[in-house]
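Chain order of the listed sequences is A and B. Just so we're aligned, residue 467 is where the first sequence starts under the working numbering, counting upward by one. Just so we're aligned, residue 3 is where the second sequence starts under the working numbering, counting upward by one. Here a beta-carbon is modelled for each residue, glycine too, at the ideal position from N, C-alpha and C.
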Amino acid sequence: MNEPMTPSMIAFSPALRILPEILMTLTGVLVMLVEAVLKPRTSRKPLGIVAILGTLAAIAASVYQLFLPAGTAFFGTVQSDAFSVFFHLVIGCIVLVTLLISLDYFEGHTSFVGEYYALILFGATGMMLMTCSVELLMVFISLEISSISTYILAGYRKRSATSPEASIKYFLLGSFATAFFLYGIALCFGATGSTNLYEIAKGVADGASPLLLTVAFGMMLIGLGFKVSLAPFHVWTPDVYEGAPAPVVGLMSTAPKAAAFAVLLRIAYGAFGTAIHIWMPLVWIMAVLSMTIGNLGALTQRNVKRMLAYSSIAHAGYLLVAFTALAPMGIAAASFYTAAYAAMNVGAFGIISYLSGYNEARTSLSDFAGIARRHPVAAAAFAVFLISLIGIPFTAGFFGKFYVFTAAINSGNAWLAVLGLLNSGVAAFYYLRLLAQMYMVPVEPPREADTAHARPAFILAMAILVLAVFALGIFPGRILDLARAGAATFSGPANAASQTVPVALLRR
Amino acid sequence: MNVAIFILFALLCLGGALNLLLQRHPINSALSLIVVMSSLSVLYLLLGAEFLALAQIIVYSGAIMVLFVFVIMLLNAGEEERTHGSRAAYFAGIPGVLALFAVLAGTFVTLRLSFGGTRLGAFLVTTGDLSRVLFRNLLLPFEVTSVLILVAILGAVVLARKEH
Chain A
467 MNEPMTPSMI
477 AFSPALRILP
487 EILMTLTGVL
497 VMLVEAVLKP
507 RTSRKPLGIV
517 AILGTLAAIA
527 ASVYQLFLPA
537 GTAFFGTVQS
547 DAFSVFFHLV
557 IGCIVLVTLL
567 ISLDYFEGHT
577 SFVGEYYALI
587 LFGATGMMLM
597 TCSVELLMVF
607 ISLEISSIST
617 YILAGYRKRS
627 ATSPEASIKY
637 FLLGSFATAF
647 FLYGIALCFG
657 ATGSTNLYEI
667 AKGVADGASP
677 LLLTVAFGMM
687 LIGLGFKVSL
697 APFHVWTPDV
707 YEGAPAPVVG
717 LMSTAPKAAA
727 FAVLLRIAYG
737 AFGTAIHIWM
747 PLVWIMAVLS
757 MTIGNLGALT
767 QRNVKRMLAY
777 SSIAHAGYLL
787 VAFTALAPMG
797 IAAASFYTAA
807 YAAMNVGAFG
817 IISYLSGYNE
827 ARTSLSDFAG
837 IARRHPVAAA
847 AFAVFLISLI
857 GIPFTAGFFG
867 KFYVFTAAIN
877 SGNAWLAVLG
887 LLNSGVAAFY
897 YLRLLAQMYM
907 VPVEPPREAD
917 TAHARPAFIL
927 AMAILVLAVF
937 ALGIFPGRIL
947 DLARAGAATF
957 SGPANAASQT
967 VPVALLRR
Chain B
3 MNVAIFILFA
13 LLCLGGALNL
23 LLQRHPINSA
33 LSLIVVMSSL
43 SVLYLLLGAE
53 FLALAQIIVY
63 SGAIMVLFVF
73 VIMLLNAGEE
83 ERTHGSRAAY
93 FAGIPGVLAL
103 FAVLAGTFVT
113 LRLSFGGTRL
123 GAFLVTTGDL
133 SRVLFRNLLL
143 PFEVTSVLIL
153 VAILGAVVLA
163 RKEH
């Protein structure tokens with residue numbers, strides 16, 4: 467599979483353009499079939515390992531796609547390029563780490579562990595397809611695959627009251643949001659006569675009914691805004707994150723969001739690139755609202771999962787700041803931020819899932835008092851993720867924010883950057899409050915429920931994430947180059963010219 | 003003639019939709035949904051989408067609604083209990099819906115001239131045209147829908163089955 471090939475000369479099957487998705491789907495089906503023949507009370511760990519191997523294969527396949535010339539397949543419905551590969555890698559790594567964290571988490575607590583792995587794999591298929599589709603109907607189907615699997619995963623702690631509540635809330639509001647997205651697609655078709663992003667871009671450039679296009683973009687923004695929990699469409703976030711199992715929250719606060727932001731980038735810069743004046747004000751307002759509501763909301767929370775839910779709203783706002791920057795810079799900054807945010811947020815929820823266990827023994831701020839004394843390593847890792855979420859130098863969070871705000875300032879949006887920095891200051895307060903609880907508050911008498919002990923898979927996952935946080939903060943070069951190469955694919959319809967960039971990148 | 007049929011079935015569709023929301027018993031709501039689906043299929047037929055119209059009747063009015071009614075009967079769902087609704091619904095929801103309706107209505111009224119006119123029933127989308135789009139241009143979304151259905155089935159099993 468990895469033999470060197472000179473791209474442009476060899477004719478290849480269109481299936482190679484969706485190779486990672488095919489591998490994910492096949493692994494999911496395999497897990498489902500094996501689950502059916504396993505005895506009810508045996509360990510499901512082998513299935514988890516199969517899922518991990520499948521994810522690794524999909525990650526390798528995504529890297530392989532860099533060597534293909536950028537281009538479309540299946541009658542222009544999907545496009546593999548550096549941009550799609552970047553997001554494939556982000557989603558693949560999130561799924562990999564989530565599988566490692568969940569390997570021991572559900573064992574013995576639920577009888578649907580096999581289905582859990584299959585749902586994660588199918589969900590990842592949907593998210594990966596979202597990032598490489600250039601046809602809105604394809605986006606819609608894959609968005610539904612990713613959403614439905616996350617609705618179900620949110621309700622996995624069936625014996626608790628909050629988890630099914632989270633699931634049904636997420637389902638109702640999510641379906642409502644999808645309807646908006648679909649209506650936006652329909653209006654886009656009405657205005658330009660096509661659902662293909664390149665055709666829409668032509669229609670937009672020709673000035674086809676700007677009023678209708680504005681409404682269409684607004685509808686799609688509402689739909690995607692719900693999925694990435696941007697204010698004012700964020701109300702579901704705290705309840706869902708509070709009720710869903712912690713490893714699932716780590717996944718659904720990062721991977722589907724990365725995919726939805728990729729779609730938003732393709733729509734905003736790709737299809738509506740010549741109508742930036744249409745969407746800039748909308749994006750500006752939503753960025754300010756999300757940052758402010760997210761951070762102020764987080765200040766008042768005593769529940770750590772709810773606090774991180776509000777923090778994720780704020781981070782979606784920071785990410786949206788990148789959208790107000792001019793094309794290549796803004797796209798690269800937004801892409802990089804999704805990777806940085808994924809590393810730190812999956813890590814934070816991973817530590818929570820370890821410390822509070824399946825029964826969520828620790829949820830409120832005071833439960834984390836003196837954790838540093840009893841679980842020094844876990845507390846140290848948690849501290850790294852929180853410091854990165856604040857945005858302190860040498861961590862992923864710092865470089866993410868740095869690129870986003872620099873891009874905004876360079877494009878003449880200094881005020882937005884100032885608002886973002888002020889918000890980061892507010893945010894530091896609640897992250898530091900949690901850190902202070904962990905390190906400064908004296909140890910309570912240990913309680914009997916505290917049975918947390920780390921397993922190898924979990925330690926491996928956390929090691930990967932801590933390394934990723936520092937690597938993205940100290941040597942962001944290679945990831946940033948890939949993000950830039952992805953941004954460069956937007957400068958024109960995919961053609962052979964863009965193929966050399968990523969290949970050169972890998973050989974460096 | 004076509005316009006008369008359009009107005010008749012459009013009103014029937016709207017009436018059915020309103021009745022669906024206002025009825026207190028789930029069976030009555032389900033039956034009004036059949037009215038909505040069937041009158042929609044007449045509107046499709048008027049637009050020349052004959053295949054879509056019949057698929058709408060067979061799939062939605064037929065298969066899906068039968069399932070709906072069966073589930074309601076099986077669960078023995080009684081009359082719903084009405085609450086006064088949350089305050090958020092009154093202060094944010096209703097103005098929000100009205101604003102959305104105003105924006106859409108305003109857009110369509112403003113653009114009605116540039117949309118141009120079409121004679122109802124003037125053209126026909128044949129099954130051949132439809133399948134060319136479905137099985138050629140949109141082949142991948144069509145195939146990927148199977149993954150979507152697989153996920154939904156898997157989810158139904160997980161959510162509905164009891165833990166042992």
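The region 706-716 of chain A in contact with the region 759-775 of chain A per 3-pair CB rule at 8 Å: yes
Within chain B, partners of A:A627 - CB distance below 7 Å: Within chain B, no residue comes near A:A627; the closest Cβ sits about 15 Å away, beyond 7 Å.
Cβ-based neighbour list, A:A960, same chain, cut-off 7 Å, excluding 5 preceding and 5 following: With a pLDDT of only 45 at A:A960, under 50, the local geometry of the prediction cannot be trusted, and the value read off the model is given with reservation. These residues qualify, in order along the chain: A536, G537, T538, Q545 and D547.
Helix, strand or coil at A:T861 [DSSP, three-state]: coil
C-beta atoms of A:Q531 and A:L482 nearer than 9 Å: yes
Residue-level contact to chain A via CB, B:G130, 9 Å cutoff: no
A:E876 and A:M795 closer than 9 Å at C-beta: The identity of residue 876 of chain A in the sequence shown is Asn, whereas the question assumes Glu. Taking 9 Å as the Cβ cut-off, A:N876 and A:M795 qualify as a contacting pair.
C-alpha gap between B:S40 and A:G580, whole angstroms: 41 Å
Residues from the region 679-691 of chain A in contact with chain B, defined by Cβ distance under 7 Å: V681
Supposed contact pair A:F851 and A:G857 - C-beta distance, whole angstroms, cut 8 Å: 12 Å between Cβ atoms; not a contact.
C-beta contact flag for A:A734 and A:F655 at 9 Å: no
Whether A:L638 touches A:F956 by CB criterion (9 Å): no
Through-space distance from A:H575 to A:G621, alpha-carbon basis: 14 Å
Heavy atom of the ligand HEM within 8 Å of B:A90 beta-carbon: Here there are no bound small molecules, and the ligand HEM is not part of this structure.
Residues of the region 137-157 of chain B whose Cβ lies closer than 8 Å to any Cβ of chain A, in chain order: R138, N139, L140, L141, L142, P143, V146, T147, V149, L150, L152, V153, A154, L156 and G157
Near-chain B residues of the region 530-546 of chain A (beta-carbon distance less than 7 Å), N- to C-terminal order: F540, F541, T543 and V544
For A:F578, the nearest candidate out of A:L690, A:V500 and A:H919 (CA to CA): A:V500
CA-to-CA distance, B:L141 to A:A874, given in whole angstroms: 40 Å
A:F924 beta carbon less than 9 Å from that of A:Y820: yes
Chain B residues whose Cβ lies nearer than 7 Å to that of A:M604: L142 and P143
Neighbour list for A:K624 in chain B, Cβ cutoff strictly below 7 Å: E165
9 Å Cβ cutoff met for A:L744 and A:T680: Just to set this straight, residue 744 of chain A is Ile in the shown sequence, not Leu. Yes, they are a contact pair.
At least three beta-carbon pairs within less than 8 Å, the region 716-726 of chain A to the region 591-611 of chain A: yes
Beta-carbon contacts of A:E444 that lie in its chain and below 8 Å, excluding the five residues immediately before and after: As shown, chain A starts at 467 and ends at 974. That puts residue 444 of chain A outside it, with no answer to give.
Below-9 Å beta-carbon distance, A:Y776 vs any chain B residue: no
Coil, strand or helix - A:Q545 by DSSP: strand
Residues near A:L972 in its chain [Cβ-Cβ closer than 7 Å; skip 5 each side]: Bear in mind that the predicted position of A:L972 carries a pLDDT of just 47, short of 50, making it too unreliable to give a figure here.
Counted within 10 angstroms of its Cβ, other Cβ atoms place B:E145 as buried (16 or more) or exposed: exposed
A:A962, buried or exposed, once every other Cβ within 10 Å from all chains shown has been counted against 16: With a pLDDT of only 38 at A:A962, under 50, the local geometry of the prediction cannot be trusted, and the value read off the model is given with reservation. Exposed, because fewer than 16 other Cβ atoms sit within 10 Å of the Cβ of A:A962.
Span of the alpha helix (DSSP H), counted from its first residue to its last, around B:G17: N4 to L24
A:A937, enclosing alpha helix (DSSP H) - first and last residue: P922 to I940
C-beta neighbour in chain A for B:V105, strict 9 Å: yes
Endpoints, the beta strand (DSSP E) within which A:G514 is located: That residue, A:G514, is in no beta strand (DSSP E); its alpha helix (DSSP H) goes K511 to Q531.
Which of helix, strand or coil DSSP assigns to A:A791: coil
Cβ pair count under 8 Å reaching 3, the region 497-514 of chain A against the region 552-571 of chain A: yes
Buried/exposed call for A:P713, threshold 16 Cβ in 10 Å: buried
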